[in-house]
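Participant:
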Amino acid sequence: MKLSLLRNRSAFWTRTVLAASLILTLAAPAVQASAAPAASAPPASVTGQAKPLTTENAAAFLKQFFSADEVKAQLAGAVVIVVKDGKTVIEEGFGYADKAAKTAVDPDETVFRMASVSKTFTAAAAMQLVEQGKIDLKADFQVYTGPIVFDNPFGVPVTVEDLLTHTTGFRIQDPQPEDINDDFETKVSIEDYVLRNMPPVVREPGTSYMYDNFASLLLGLVVEKASGMPYEDYMEKYVFSPLNMDSSGYLLEGKLKEELATAYDATGKALDLYTVTPTVMPHGGMLSTADDIGKFMTAFLNGGISGNSRILAASTVDAMEEYRSSIHPLLPNTTYGFEAPIQLPGAGSSSKIITKAGDLIGFSTYMFLIPEQNTGVFIAYNQQSALREMFYPAFIQAFFPQYAAPAKLDAFQPLSAEALDAFTGYYADLRLKSLVSTVAVHEGALTISDALLGTRQLRQVDDNLFIDELTKKFTGFELTPGGQGAYLKEPYLNPYGYEQKGPDGVGYADVTASHPYAVPVMMLQSLGYLPNDAALRFEPAAGITRAEYVRLMLESSGVKESKTTKLVFPDLQGHPDAGYIQMAVELGMVEGTAGGEFQPDRIISRQEAAVMVWRLLSAQYPDKLFQDVKLAGNTDKWAIPAVKMAVALGLYGPDIQADAKGAVDFKSREALSKQENAAILYALFTNPIDQIVAGLAEKSGEAGK
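Using the numbering used here, you'd call the opening residue of the sequence shown number 6 and step up by one each time.
1) Which whole runs of the alpha helix (DSSP H) in the region 393 to 461 are 4 residues long or more, in chain order?
2) Just mark Asn-639 as buried or exposed, buried being the case when its beta carbon has 16 or more other beta carbons within 10 Å.
3) Would you decide whether Ala-583 is buried or exposed? Buried here means 16 or more other CB atoms lie within 10 Å of its CB.
4) In this structure, does DSSP put Asp-576 in helix, strand or coil?
5) On a Cα-Cα basis, can you pick out the residue from Ile-694, Gly-273 and Asn-469 that is closest to Pro-334?
6) Can you grab the Cα-Cα spacing for the pair Ile-718 / Glu-263, in whole Å?
7) How many angstroms separate the CA atom of Ala-271 from the CA atom of Lys-635?
8) I think Val-110 touches Phe-99, with their Cβ atoms under 8 Å apart; what is that distance to the nearest whole Å?
9) Under 8 Å, with one C-beta from each stretch per pair, do the region 320 to 337 and the region 239 to 257 reach the 3-pair mark?
10) What three-state label does DSSP hand Lys-642 in the structure shown?
11) Give the single residue among Arg-542, Phe-368, Pro-350 and Phe-690 whose Cα lies nearest to the Cα of Val-511.
12) Going by C-alpha distance, which of Met-234, Leu-425 and Val-85 is nearest Tyr-149?
13) Provide the residue span of the beta strand (DSSP E) that contains Ile-472, from first to last.
14) Quick one: using the 10 Å Cβ neighbour count with 16 as the cut-off for buried, is Ala-41 buried or exposed?
15) Check whether the region 74 to 93 and the region 195 to 210 touch, using three or more Cβ-Cβ pairs below 8 Å as the test.
16) Determine, using beta-carbon pairs with one atom in the region 480 to 500 and one in the region 364 to 372, whether at least three such pairs fall under 8 Å.
17) Could you give the DSSP three-state label for Arg-620: helix, strand or coil?
18) Are there three or more Cβ pairs, one per stretch, closer than 8 Å when the region 526 to 535 is compared with the region 543 to 563?
19) In terms of DSSP beta bridges, what is Leu-493 paired with?
20) If you draw a straight line from the alpha carbon of Leu-529 to that of Ala-683, how long is it in whole angstroms?
21) Use the C-beta contact count for Gln-54: other C-beta atoms within 10 angstroms, 16 or more gives buried, fewer gives exposed.
22) Quick check on DSSP: helix, strand or coil for Pro-605?
23) On the DSSP letters alone, give me the boundaries of the beta strand (DSSP E) that Lys-361 sits inside.
24) Which residues in the same chain have their Cβ closer than 7 Å to the Cβ of Asp-664, if we skip the five residues on either side of it in sequence?
25) How long is the line joining the alpha carbons of Phe-71 and Arg-611, rounded to whole angstroms?
26) What does a CB cutoff of less than 6 Å around Ala-32 pick up in its chain, not counting 5 residues either side in sequence?
27) For the region 434 to 446 against the region 308 to 318, are there 3 or more C-beta pairs whose distance is under 8 Å?
28) Tell me where the alpha helix (DSSP H) around Val-227 begins and ends.
29) Is the Cβ of Ala-518 closer than 7 Å to any Cβ of chain C?
30) Is it buried or exposed for Arg-118, if we count other Cβ within 10 angstroms and need 16 for buried?
31) Can you check which of these residues, Lys-666, Gln-662 and Thr-108, is closest to Lys-672 by C-alpha distance?
32) By Cβ distance, which residues of its chain are closer than 6 Å to Ala-4, with the 5 residues on each side in sequence left out?
33) Is it buried or exposed, Glu-504, if we count other Cβ atoms within 10 angstroms and call 16 or more buried?
34) If you drop the 5 nearest sequence neighbours on each side, which residues of the same chain put their C-beta closer than 7 Å to that of Asp-576?
35) Note down the Cα distance separating Ile-177 from Leu-437, rounded to an integer number of angstroms.
36) Assuming Leu-195 and Pro-287 are in contact, meaning their beta carbons sit under 8 Å apart, how far apart are those beta carbons, in whole angstroms?
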């Protein structure tokens, strides 16, 4: 397998723990299987020389694209349909729906999981009911669902429009690991699931954008209640049937189950068939074919009409094409049912294009419409990969290069180095707190750093808009009236959401600004993982227990406690961190001791801590990559591979230094201190691990394997 930046763009936990726990299965799509800046689409045409979008040209483009080695390396099966001016330009399948059976992908018959593209259809259903006067966009959603108990301290209701635009202010409430399962017998209704999992409001509704799966789930419940019909029945009667979408639905049964493509992971390994909870999932559970999606795109682009059937009024279509918020005009957020396209270098995300992307385990989708060109494109594939991030820019450059042209920006007043200080700090993604950007001022210029790309300069190009000098893509900031940096939106970690700046870490009575571990400790304070109170003592040299280590590792990754009541280890009963330790067992991070216990309150050694991280990463980063790492001191044999990995990835603090021969004493058998644990977490948030591994792979000759 090729070890490179193409594999993923997310931080350590997103690649490992979160992926394993399925937090990302319905996530903002680009977070999961997305191309890093090094990814380049196969050349389709010379930029700026547009080809007419004809069947002949589209066929040539697709042949060239899917023949490229970098595409074939990521492909199990894929389907593409292109519509324009009310007609299908082309629809083709590539590769296999089932590799073992050598079943080719058929655009008319092969069923794919639509994942978050489902949200567009839920939005369309809601807008139908708005047309009929059965839903008021400005009304509290509880007008339709009935009262639901949840905390909202702001005195501002969550409206139906907030659900549509992902501005609810809800605490993140993504699907849980148990929501993707193999229990095909148990049926869970939308309403029951909502009542069991309703999140509180933690930001004033309508004030900030955060990609919100639960909002679209609630919107499905609103459709169900306002229409007086089960959601899936409403969709069949008023959306699918009028468009003759006879291979679309939400229940994995009959034809939809028989024709469903096999899912494959990033390595090409077949995955077991699974179902979802709730049984009908408005925010991600739709099943369909490329041909059916083409029918929807054609009707939408035709002002809501298909033949003698109208699914939406022309004015409603117009409303669904309009972006409702943005951090900058070049970085729009969402419409009613669509989201901004993938950023193109120097061009940003064109507000003339509306898109929807989706991911479920083993499936990815991308639908993009260019209304002023009367053109719609849909791609789906059944292997985790960066395919759409390669396909979209290649298609745009081939047929509509005007949308890839450098943005024209007006004159602006550059900010002084002192004024740039307002932007500095640690920014955590509103959905996935493990995605962290560090913004600083260096030699009078703004810099940004993260665990994907490392540090690079941001050059100001407009008011609160900067261009990343490495990637040539835009990062935008939003300041509060007080002048403090509040939010940023960047193109890689999670381009479908905002990151929020944390308060400055103030340190502790025994960890002041001059302390060698001040930076990692204060970062964890800023991000909310440690109390931010300078009057407290941290006791930096004190040891950290095995339970504390596991809890902090999982908490900082956004992974919740296991709901399993039968605990693996007998000494966990009644322990406050038992749920986290159980989850760590389920993720493969933790094993027991020789006596069959976990010993949660025993101080963890440095080598034990390294092994827990190694267990999560070793399948992705094989030991042979780190075989040349030189160790000094004493490390137990069972921990040597883990300690070598930790040293290579920089998972340690300033107390550990290489000797004159380049060997590192990890102090493996010593207790892991609280300050050293802070340094490990800091490194996992900030070290560009993929770049480090890619460099080691190239050095060892493994990069092309």
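Glycine included, every Cβ here is placed at the ideal spot set by N, Cα and C.
Note that this is a predicted model, so its numbers are computed, not measured.
Facilitator: From the atom records:
1) 422 to 425
2) exposed
3) buried
4) helix
5) Asn-469
6) The requested residue 718 is not part of the displayed model; the chain covers only 6 to 710.
7) 31 Å
8) 6 Å
9) no
10) helix
11) Arg-542
12) Met-234
13) 470 to 473
14) With a pLDDT of only 39 at Ala-41, under 50, the local geometry of the prediction cannot be trusted, and the value read off the model is given with reservation. Label assigned to Ala-41: buried.
15) no
16) no
17) helix
18) yes
19) Phe-482 and Glu-504
20) 7 Å
21) exposed
22) coil
23) 359 to 365
24) Ala-637
25) 47 Å
26) The predicted model places Ala-32 with a pLDDT of 31, which falls under 50 and marks its position as unreliable; any figure quoted below should be read in that light. None.
27) no
28) 218 to 232
29) Included in the structure is just one protein chain, with no chain C present.
30) buried
31) Gln-662
32) Residue 4 is absent from the structure shown; the chain starts at 6 and stops at 710.
33) buried
34) Glu-602, Phe-603, Gln-604 and Pro-605
35) 8 Å
36) Checking the sequence, you will find Ile at residue 195 rather than Leu. Between Pro-287 and Ile-195 the Cβ distance is about 7 Å, and since that is below 8 Å, they are a contact.
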